[in-house]
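Residue numbers (our numbering): 1131 to 1463.
Yeah, the Cβ is synthetic: ideal placement off N, Cα and C, and Gly gets one too.
Notes follow once the structure below has been shown.
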Ligand code: MLT
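Encoded structure:
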């Protein structure tokens, strides 16, 4: 399919650009304040290439590499809803050279869904900065036989045995968001796990799976080219990137409210000066047009300055762990 080939080519180009993002403009204020960083930094992305976490990581890391004066190597360590890569980061030496781009799934919902999760999101990491906030959409393959949300509900309820739902593994954002949706609609379709919603989106575009709850960043291009369709945004506000998509509240399901987020974490015990250097770089990067424009163009929300501090991120993780523990307790399959 032509769209798929073009999307893959775009992703490859983005990956190549980021891989080559050597520091052209080392920022004096950051590079002079300490010897850190003096060598390349590895940024673990716990999901597959081409998905929302990977795309955000590549946009932001290209700018961070310039500001920090060192290359940033994006390492996709996938599996188990992002918990494998996240655990690897938690166990890395706390020296600022291994970081992870976590999210609402890896650093909150996973706690409720993995009784033996090998890390504690609120204890085993030094929070660095919130990087992006992301609306979530209910999406379906283009030929799915429902024209709007009301028809979707009727159709899914009467075809539960044959319908399937793509997600990025237990505890991922796509899994958690659709668990909430399914619980609210009292449906229980078959889940099809992928290593990220990059490959899951490819399957949705190809018509191999029926529906998915995904982050807008991953859906904007396929929606514009109409190779998939969206029924609602999981929240109460429409998004300017997709202004015609109604909210779940408008469609009579106000409790379908989920917002995903991405944030940078270092292992716990990372020296405060290193965390401060990284946080300063993220804060600056988020205000650069090279970051803001692609992020907002893809429908991500750049966090406000007061949301970018390590303390604000620590508070967010604590609050979200509690929230998802409560929400998911009621709806474990
Ligand atoms: C991804 O990058 O593939 C997603 O963030 C996965 C998810 O959590 O749904």
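- For residue 1191, the distance from the CB to the nearest heavy atom of ligand 1 is not below 7 Å.
- A Cβ-Cβ distance of about 23 Å is found for the pair residue 1378 and residue 1357, leaving them out of contact under the 8 Å criterion.
- The segment 1188 to 1203 and the segment 1233 to 1240 do not touch, with fewer than three beta-carbon pairs separated by less than 8 Å.
- Residue 1432 is bridged by DSSP to nothing; it lacks a bridge partner.
- Taking a contact to require three or more Cβ pairs closer than 8 Å, the segment 1301 to 1311 and the segment 1341 to 1360 qualify as touching.
- Look at residue 1341 here: in three-state DSSP terms it is strand.
- Residue 1284 sits exposed, since fewer than 16 C-beta atoms from the chains shown fall within 10 Å of its C-beta.
- Taking 4 residues as the minimum length, the alpha helix (DSSP H) runs contained wholly in the segment 1391 to 1444 are 1402 to 1416, 1419 to 1427, in order along the chain.
- Assignment of residue 1259 by DSSP, reduced to helix, strand and coil, places it in the strand class.
- The closest CA to that of residue 1202, considering only 1179, 1174, 1449, is found on 1174.
- About 5 Å separates the CB atoms of residue 1328 and residue 1178; that is less than 8 Å, so the two are in contact.
- Residue 1303 has its Cβ nearer than 7 Å to a heavy atom of ligand 1.
- Within the DSSP secondary-structure output, residue 1265 pairs in a beta bridge with 1389.
- Where residue 1184 is concerned, the enclosing alpha helix (DSSP H) starts and stops at 1182 to 1198.
- The three-state secondary structure of residue 1173, taken from DSSP, is strand.
- Contact check for residue 1443 against residue 1260 passes: the beta carbons are separated by less than 8 Å.
- A distance criterion of 7 Å places the beta-carbon of residue 1298 in contact range of ligand 1, judged by its closest non-hydrogen atom.
- DSSP, read as helix, strand or coil, puts residue 1285 in helix.
- Going by C-alpha positions, residue 1317 is about 19 Å away from residue 1277.
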